[in-house]
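So the sequences go chain by chain: A and B. Just so you know, our numbering puts 293 at position 293 of the first sequence, and the rest follows in order with no gaps. Our numbering runs 407 ahead of the 1-based position in the second sequence. Where is the CB? At the ideal position from N, CA and C, for every residue including glycine.
There are 2 protein chains.
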Amino acid sequence: MTAGAALDLLIKKLPSKPPPKTKVPIEDSLGLICAEDIVSREDLPQFARSTVDGYAVKAEDSFGATEAMPAYLGLSGEIIMGQKPDFTLSKGLAAKIPTGGMLPMGADAVVMFEHVQTVDATTIEVLKAVVPGENVIQAGEDVKKGERVVPEGRRIRPQDIGACTGIGVTSVHVYERPRVSIISTGDEIVPAAASPAMGQVRDINSYVLAAMISEAGCVALRKGIIRDEYVAIRAAVEGSMEDSDAIIVSGGTSVGTKDMIARIIGDIGDSGVVFHGVSLKPGKPMIGGVMHGMPVFGLPGHPAAVSVCFEIFIRPVLDLLSGLVEKFPQRARACMKARLSKNISSPQGREEHIRVVIEQRDSGLWAVPLLGKSGLITTLVKADGTIVVPLNINGLEAGTVVDVRLF
Amino acid sequence: MTAGAALDLLIKKLPSKPPPKTKVPIEDSLGLICAEDIVSREDLPQFARSTVDGYAVKAEDSFGATEAMPAYLGLSGEIIMGQKPDFTLSKGLAAKIPTGGMLPMGADAVVMFEHVQTVDATTIEVLKAVVPGENVIQAGEDVKKGERVVPEGRRIRPQDIGACTGIGVTSVHVYERPRVSIISTGDEIVPAAASPAMGQVRDINSYVLAAMISEAGCVALRKGIIRDEYVAIRAAVEGSMEDSDAIIVSGGTSVGTKDMIARIIGDIGDSGVVFHGVSLKPGKPMIGGVMHGMPVFGLPGHPAAVSVCFEIFIRPVLDLLSGLVEKFPQRARACMKARLSKNISSPQGREEHIRVVIEQRDSGLWAVPLLGKSGLITTLVKADGTIVVPLNINGLEAGTVVDVRLF
Chain A
1 MTAGAALDLL IKKLPSKPPP KTKVPIEDSL GLICAEDIVS REDLPQFARS
51 TVDGYAVKAE DSFGATEAMP AYLGLSGEII MGQKPDFTLS KGLAAKIPTG
101 GMLPMGADAV VMFEHVQTVD ATTIEVLKAV VPGENVIQAG EDVKKGERVV
151 PEGRRIRPQD IGACTGIGVT SVHVYERPRV SIISTGDEIV PAAASPAMGQ
201 VRDINSYVLA AMISEAGCVA LRKGIIRDEY VAIRAAVEGS MEDSDAIIVS
251 GGTSVGTKDM IARIIGDIGD SGVVFHGVSL KPGKPMIGGV MHGMPVFGLP
301 GHPAAVSVCF EIFIRPVLDL LSGLVEKFPQ RARACMKARL SKNISSPQGR
351 EEHIRVVIEQ RDSGLWAVPL LGKSGLITTL VKADGTIVVP LNINGLEAGT
401 VVDVRLF
Chain B
408 MTAGAALDLL IKKLPSKPPP KTKVPIEDSL GLICAEDIVS REDLPQFARS
458 TVDGYAVKAE DSFGATEAMP AYLGLSGEII MGQKPDFTLS KGLAAKIPTG
508 GMLPMGADAV VMFEHVQTVD ATTIEVLKAV VPGENVIQAG EDVKKGERVV
558 PEGRRIRPQD IGACTGIGVT SVHVYERPRV SIISTGDEIV PAAASPAMGQ
608 VRDINSYVLA AMISEAGCVA LRKGIIRDEY VAIRAAVEGS MEDSDAIIVS
658 GGTSVGTKDM IARIIGDIGD SGVVFHGVSL KPGKPMIGGV MHGMPVFGLP
708 GHPAAVSVCF EIFIRPVLDL LSGLVEKFPQ RARACMKARL SKNISSPQGR
758 EEHIRVVIEQ RDSGLWAVPL LGKSGLITTL VKADGTIVVP LNINGLEAGT
808 VVDVRLF
């Protein structure tokens, strides 16, 4: 099964219930998912404003004005920043106005300072005609009363926060971050702080996963290292079903454990294992399942597989659980174009993710494949990103321009 | 002056002192800047491990083995996950080993299960030869004792955390996040929670800036809205020099205020204003300065200019103050290719940043320019990203493939 088909299958089995909501101050909402359509209760701005420093005029008074044949206007009162002008502009007059200042009644355009010559204390020459509305933001031009400013499902960006404060929205409903349990298995795994005996290694994957979960905007719950025993792992999985929105079982690299994790998912059931094994490298033995509506993943133990499988399978599911509505089907990630430094062969029918270092040479940027074993954490650390050899391709030739998806 | 030249000039005037350090648990270090070279005190792994489920062998015992002509090996003890084998493998023997298991003394390769046939309880057939080291991660192959695992200056990624826990590093020195003061000016600006009178508008820019600062990994200090008066703004700037690593003065859109901010920077001095005005749209009136070693920016008041100027001028300076060592000169940001939906003209000698919406049509992705005034916050909210018309180009034709830098 292809990775894409496996993911689609899993997603179809998930219940479509929106996450719980919570209310936060708008300035604390960055990166959270908006849980409501934010609709403006008012126009923004509430009055016509100048976009330049200049003179508010009736546009028709400037018609035909040129440097050779300027229009002469008398001076009316001055407009004070932040205040409503206390006069109405009469025909044949102009009023000095700062950028952002409120247009007086009677004015419908602003002539920039650069196009005005002062004649004396009461008269100016306008050197260039303006049309009605020129250099003006009209009342409601930024936001109209009743207009939706930020849609439900958006990951809130800095400008979304600014639009909210502009219309007086100082708090917002957001979806609660999904909680994701990480269960590490493996009789050889000891905690990071321990001194491993011969035959033992320290936990790597649960820390990498916790950080990736946190980058995805979710809350990681590290549930410790569980012995490779059916009863112990099943108890950890069932316990995590109580306090999580998704479960990741990492490792299970020892003989039979992969099958044991699939068996536990199947035994808990409804609907059990959705896929077990995909045409993907690294990550072939990946398991995906659903247990009573909760997504569960069995990840291969190799660090490179953990990283690839997280991006392909887990992150899209976490986005869904987060309430995120993505505009584009594929998550956009920072990419860099580079030329491949050597031939890569990859059998047809397998999607292959290859870690690369980007090198700046005189001839441009080159992507140099790191062909280390996928069991090594340091090839991931040395890499700048990954390139993908798609399913239906035999490999890539040296010199091909590739998209490096940066970490 | 071009934006690039202006930024270079400013950066040259900044003192090159590293930020203060602090120590954090490794699991809390994601996204922070590593303040030390992390060097391993040991080999990882500390013993040779199998990368597959199979049989540990002496490779030479398998030489010449094929399906037609298998090599017969006797069975030695079994290897238990997480334990040191209590035997040495003799010539002509094989030992069952799980993925991640420790190779016994005497073994130098692993034959995968798939290439083995069981004859009886004490004998197997090896159907494929292995070379020494095949399917084995050697002691120290991932990390060698004394090797640098994570360099000083790196923004810590999930895999960097994993590499640290793998070698038993459970806490790490990181640089403290720079504190950036935001001083809003403008007599028309009222707080987000206020009801603006006619002529007044709510604060947008200080919230947008605070969120962008936080995205850049720094701490935003919002210093409130200051009246457009020399004494008040100067006091706010001098006060912020006490508790900040950089200062942003936002707004100052009213007549004369732009010059007032430049004058304050000049009066505080050492070295004062570095640039004032750049060939950039939006963002032309941008001010950059240094005061006694502290960078200070005077931002135009239009929201679109705030966003563009932050990315171009402020973010690179904050990266520098953060202690970040970037591998690539230009910050890689998520990009999407799309075709421009209409002609855009832009005078030569000006770098122009245009907000676009990306539309998925039958003919592919199209970038549709949002030509709203740069004073509107909602064009930024509706936009998916920006495209850049470089300095030396007159414009772009409809149909051109452009890189949309996503927000």
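Residue i burial status per 10 Å Cβ neighbour count (16 or more: buried)
i	result
residue 500 (chain B)	buried
residue 790 (chain B)	buried
residue 692 (chain B)	buried
residue 419 (chain B)	exposed
residue 479 (chain B)	exposed
residue 361 (chain A)	exposed
residue 356 (chain B)	Not covered by the structure: residue 356 (chain B). The range shown for chain B is 408 to 814.
residue 134 (chain A)	buried
residue 786 (chain B)	buried
residue 407 (chain A)	buried
residue 538 (chain B)	exposed
residue 27 (chain A)	buried
residue 527 (chain B)	exposed
residue 595 (chain B)	buried
residue 749 (chain B)	exposed
residue 717 (chain B)	buried
residue 412 (chain A)	As displayed, chain A neither begins before 1 nor continues past 407, which places residue 412 (chain A) out of reach and without an answer.
residue 821 (chain B)	The shown model of chain B, from 408 to 814, leaves out residue 821 (chain B), and the question about it has no answer.
residue 557 (chain B)	buried
residue 410 (chain A)	Here chain A covers residues 1 to 407 and nothing more, so residue 410 (chain A) does not appear.
residue 58 (chain A)	buried
residue 667 (chain B)	buried
residue 612 (chain B)	buried
residue 5 (chain A)	exposed
Presumed contact (8 Å Cβ cut-off) between residue i and residue j, rounded CB distance
i	j	result
residue 517 (chain B)	residue 543 (chain B)	6 Å
residue 148 (chain A)	residue 24 (chain A)	With a Cβ gap of about 20 Å, residue 148 (chain A) and residue 24 (chain A) do not count as contacting.
residue 764 (chain B)	residue 777 (chain B)	6 Å
residue 534 (chain B)	residue 474 (chain B)	5 Å
residue 701 (chain B)	residue 643 (chain B)	Between residue 643 (chain B) and residue 701 (chain B) the Cβ distance is about 14 Å, and since that is not below 8 Å, they are no contact.
residue 301 (chain A)	residue 287 (chain A)	Actually they do not touch by this definition, with Cβ atoms about 12 Å apart.
residue 762 (chain B)	residue 806 (chain B)	Actually they are not in contact, since the Cβ atoms of residue 762 (chain B) and residue 806 (chain B) sit about 19 Å apart, beyond 8 Å.
residue 271 (chain A)	residue 290 (chain A)	5 Å
residue 815 (chain B)	residue 581 (chain B)	With chain B running from 408 to 814 in the structure shown, residue 815 (chain B) is simply not present.
residue 107 (chain A)	residue 89 (chain A)	4 Å
residue 78 (chain A)	residue 56 (chain A)	Wrong, their Cβ atoms sit about 10 Å apart, outside the cutoff.
Residue i: CB within 7 Å of a non-hydrogen atom of the ligand ATP
i	result
residue 367 (chain A)	Ligands are entirely absent from the displayed structure, and the ligand ATP is therefore not among its contents.
Open item on the list: So if I threshold CB-CB distances at 9 Å, which residues from the segment 478-489 of chain B count as touching chain A?
Closed with: 486, 487, 488 and 489
Task: Interface residues of the segment 741-760 of chain B facing chain A [CB-CB below 8 Å] - done: 741, 742 and 743
Task: Ordered list of beta strand (DSSP E) runs contained in the segment 9-34 of chain A, each at least 3 residues - done: 21-25
TODO: Mind the definition here: the segment 565-573 of chain B touches the segment 413-428 of chain B only if three or more C-beta pairs lie below 8 Å; say whether that holds.
DONE: no
Open item on the list: Give the list of continuous beta strand (DSSP E) stretches no shorter than 3 residues that lie fully inside the segment 711-758 of chain B.
Closed with: Counting only runs of 3 or more, we get 742-747.
Task: Meets three-Cβ-pair contact criterion under 8 Å: the segment 448-468 of chain B and the segment 540-558 of chain B - done: yes
Open item on the list: Taking contact to mean 3 or more Cβ pairs, one atom from each stretch, closer than 8 Å, check whether the segment 197-205 of chain A and the segment 166-178 of chain A are in contact.
Closed with: no
TODO: Output, in sequence order along the chain, the residues in the segment 694-725 of chain B whose CB is closer than 7 Å to any CB in chain A.
DONE: 708, 710 and 714
Task: Where the segment 146-159 of chain A meets chain B: residues whose CB sits under 9 Å from a CB there - done: 147, 149, 150, 156, 157, 158 and 159
Task: beta strand (DSSP E) runs wholly inside the segment 133-191 of chain A, at least 3 long, in chain order - done: 148-150, 171-175 and 179-185
- [ ] Would you check if the segment 234-249 of chain A and the segment 270-285 of chain A touch, i.e. whether three or more CB-CB distances between them fall below 8 Å?
- [x] Taking a cut-off of 8 Å for Cβ pairs, the segment 270-285 of chain A and the segment 234-249 of chain A do not touch, as fewer than three such pairs fall below it.
Task: Interface residues of the segment 270-285 of chain A facing chain B [CB-CB below 8 Å] - done: none
Open item on the list: Below 8 Å, how does it come out for the segment 92-107 of chain A and the segment 47-57 of chain A: are there three or more Cβ pairs, yes or no?
Closed with: Judged by pairs of C-beta atoms under 8 Å, the segment 92-107 of chain A touches the segment 47-57 of chain A, as three or more such pairs exist.
Task: the segment 335-351 of chain A touching the segment 385-399 of chain A, judged by at least three CB pairs closer than 8 Å - done: yes
- [ ] Flag this pair as touching only if the segment 175-186 of chain A and the segment 628-639 of chain B have three or more C-beta atom pairs under 8 Å; answer yes or no.
- [x] Under the Cβ criterion (8 Å, minimum of three pairs), the segment 175-186 of chain A does not count as touching the segment 628-639 of chain B.
- [ ] Please specify which runs of the beta strand (DSSP E), each continuous and at least 3 residues long, are wholly inside the segment 97-133 of chain A, giving them in chain order.
- [x] 109-112, 116-120 and 123-126
TODO: Counting only runs of 4+ residues fully inside the segment 762-811 of chain B, write out the alpha helix (DSSP H) ranges in chain order.
DONE: 785-789
TODO: For the segment 601-647 of chain B, list the beta strand (DSSP E) runs that are entirely contained and at least 3 residues long, ordered along the chain.
DONE: 626-633
- [ ] With 9 Å as the limit, tell me which residues of the segment 584-595 of chain B have their beta carbon closer than that to any beta carbon of chain A; keep them in chain order.
- [x] So the list reads 593, 594 and 595, given in the order they occur along the chain.
- [ ] Return the residues of the segment 602-618 of chain B that lie within a Cβ-Cβ distance of less than 9 Å from chain A, sorted by chain order.
- [x] 602, 603, 604, 605, 606, 607, 608, 609, 610, 611, 612, 613, 614, 615, 616, 617 and 618
TODO: Check each residue of the segment 98-118 of chain A: if its Cβ is closer than 9 Å to any Cβ of chain B, include it; give the result in chain order.
DONE: 98, 99, 100, 101, 102 and 113
TODO: Would you list, in chain order, the members of the segment 531-551 of chain B that have their beta-carbon closer than 8 Å to a beta-carbon of chain A?
DONE: Cβ proximity to chain A below 8 Å picks out 544, 548, 549 and 550 from the segment 531-551 of chain B.
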